[in-house]
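Numbering (UniProt numbering), first residue to last: 1 to 389.
Each remark here refers to the structure printed beneath this line.
If you want it as C-alpha cells, here you go:
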C-alpha cells in the first residue's frame with residue numbers, strides 16, 4: 001500500500017464525520033456563514049494559511065511546500081438548496097427548508113480530507129496547492145465573483161480540478177471526458193405586445209396569446225432543422241403567461257425558458273436566430289415584442305491533458321475498469337469559469353447504488369464508501385503535477 005492510499009485510509013473516518021457534520025448545517029447561496037466558519041477552522045487546524053470572506057463567504061487556503069513548482073487549485077462548492085430533506089438520515093439537515101441535495105457537503109469533505117493528506121505529504125511535493133471553497137454554485141454563481149477577487153492569482157494558478165458526486169455512475173467509479181462536459185445554461189424572456197379587446201371582435205385586436213403560441217412553436221421546430229445535429233442544443237420553453245378573463249383577448253403574452261449549448265458559436269447563432277424568428281412572426285402579425293437573453297454559466301470544457309491526468313489518477317485509485325467515459329450533460333456548472341482561464345478538469349465521482357435518488361431530490365443521498373476514491377484521485381493528480389524530482 002503506497003503512502004497516498006495509506007493516508008487516505010487513515011483519514012477516512014475524518015472524511016465521513018466531516019461530511020455528516022456539514023450535511024447537518026446546509027446554507028443557501030452567499031449565506032454559507034456556519035459552513036465557511038467550519039471549513040476555515042478545519043483548514044487552520046491543519047496549519048494552512050487561510051483567507052476568509054472571499055466573494056462574501058468563500059474560503060481559500062494554501063499549502064506552500066517552499067519549493068518552486070506549479071500552482072494546482074482544487075475547488076469545492078459550499079451552498080445547499082431550498083428544499084425540505086426527507087432522507088431519514090440520523091445526520092439530516094438541522095436547518096428547516098434547506099438541504100444538501102446536490103452533494104456539496106461531500107465535495108467539501110473530500111477537499112478537506114485531501115488537504116489533510118497533502119499536508120502529510122508536503123515533503124514529497126513542490127510548488128503550491130490552493131484549496132478553494134466556493135459559495136453559490138447553484139445560483140447566481142460564486143465562481144465569477146471569486147475570480148474577480150483574485151482567486152486565480154497570488155500566486156497564479158497553473159492547473160485546476162473539481163469533482164461532482166454522480167448518482168448515475170456506479171459507486172466508486174470515476175467518469176471523465178476531454179472537451180465539453182456540461183452545457184452553457186442561458187435564460188431567455190419574451191414579451192409579445194399586441195392590442196387587446198373583446199373576445200367577440202378578434203378582427204379589431206392583435207391577439208398576443210395566439211402570436212406567442214406561434215413563436216413558441218416556431219422556436220421549438222427550428223432546433224430540428226436549422227442547427228447542425230452534431231452540435232447539440234436544447235431549447236425549453238418552461239413558462240407562458242397570457243390573459244386574465246375568458247372574454248378578453250390578451251394584449252400581452254410572456255414566455256421564457258432556457259437554452260443549453262456546448263459551443264459558444266452555436267450559442268451566439270441560436271440567440272440571433274431566436275430574435276429573428278420572434279421578430280418575424282410579430283412583424284407579420286402586427287405586434288411588437290421585447291426579447292431578453294440572460295447569459296448563464298458558459299460551457300464547461302475540460303483540457304485534454306488535464307483529463308488524462310485525472311484518468312491516470314483514477315485508474316491508479318479505482319482500477320482502469322472503473323474509469324468511465326463521462327456522458328455530456330445539459331446541466332450547467334460554474335466551474336466552467338475557472339476552466340475558461342486555466343487548464344483543468346472537472347469529473348464525476350460515482351456514488352450510485354440501487355434505488356439511488358437523483359440530485360436535487362429531497363431524498364438524495366450518497367454511498368459514503370465512494371468518497372475516499374475522490375480524495376485519492378485528487379491526491380494522485382496533485383502528486384503527478386507537483387512531484388519533486
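Ideal Cβ positions, reconstructed from N, Cα and C, are used throughout, including at glycine.
7 Å Cβ shell around residue i - same chain, five flanking residues per side excluded
i: residue 377; result: 174, 310, 313, 314, 317
i: residue 288; result: 193, 282
i: residue 208; result: 192, 193, 194, 242, 250, 251, 252, 253, 287
i: residue 34; result: 25, 27
i: residue 255; result: 190, 212, 216, 237, 239, 240
i: residue 20; result: 91
i: residue 44; result: 50
i: residue 278; result: 190, 215, 289, 291
Where residue i falls: helix, strand or coil (DSSP)
i: residue 264; result: helix
i: residue 15; result: helix
i: residue 277; result: helix
i: residue 159; result: strand
i: residue 231; result: coil
i: residue 64; result: strand
i: residue 363; result: coil
i: residue 24; result: coil
i: residue 345; result: strand
i: residue 320; result: helix
i: residue 303; result: coil
i: residue 241; result: strand
i: residue 171; result: coil
i: residue 378; result: helix
i: residue 180; result: strand
i: residue 207; result: coil
i: residue 79; result: coil
i: residue 10; result: helix
Spatial neighbours of residue i in its chain, beta-carbon cut-off 6 Å, leaving aside the 5 residues before and after
i: residue 330; result: 183, 234, 260
i: residue 94; result: 24
i: residue 16; result: 368
i: residue 204; result: 197
i: residue 375; result: 8, 110, 113, 114
i: residue 186; result: 259, 295, 296
Same chain, Cβ closer than 8 Å to residue i, five either side skipped, listed in chain order
i: residue 298; result: 184, 264, 336, 337, 340
i: residue 111; result: 74, 75, 76, 131, 133, 378
i: residue 122; result: 63, 65
i: residue 292; result: 188, 189, 190
Burial state of residue i (16 or more Cβ within 10 Å)
i: residue 179; result: exposed
i: residue 137; result: buried
i: residue 246; result: exposed
i: residue 140; result: exposed
i: residue 3; result: exposed
i: residue 164; result: buried
i: residue 181; result: buried
i: residue 150; result: exposed
i: residue 10; result: exposed
i: residue 18; result: buried
i: residue 210; result: buried
i: residue 327; result: exposed
i: residue 230; result: exposed
i: residue 267; result: buried
i: residue 98; result: buried
i: residue 225; result: exposed
i: residue 47; result: exposed
i: residue 88; result: exposed
i: residue 332; result: buried
Interface flag, residue i vs chain B, CB-CB below 7 Å
i: residue 249; result: You won't find chain B in this structure, because it holds only one protein chain.
Residue from the options with nearest C-alpha to residue i
i: residue 320; options: 9, 13, 176; result: 176
i: residue 74; options: 274, 130, 225; result: 130
i: residue 107; options: 134, 120, 188; result: 134
i: residue 197; options: 232, 248, 227; result: 248
i: residue 382; options: 161, 45, 49; result: 161
i: residue 388; options: 55, 32, 344, 126; result: 126
i: residue 57; options: 46, 39, 119, 48; result: 39
i: residue 96; options: 343, 84, 384; result: 84
i: residue 295; options: 356, 257, 206; result: 257
i: residue 6; options: 384, 385, 372; result: 372
i: residue 244; options: 199, 324, 268; result: 199
Three or more C-beta pairs under 8 Å: does that hold for the region 101-109 against the region 64-82? The region 101-109 vs the region 64-82: in contact.
State whether the region 341-354 contacts the region 159-172, with contact taken as three or more CB pairs (one from each stretch) at a distance under 8 Å. Enough Cβ pairs lie closer than 8 Å, so yes.
Check whether the region 217-228 touches the region 144-153, counting contact only when three or more Cβ pairs, one atom from each stretch, lie closer than 8 Å. No: the two stretches stay apart, fewer than three of their Cβ pairs being nearer than 8 Å.
Cβ contact (3+ pairs, closer than 8 Å) linking the region 149-164 and the region 58-76: The region 149-164 makes contact with the region 58-76: 3 or more CB pairs, one atom from each, lie closer than 8 Å.
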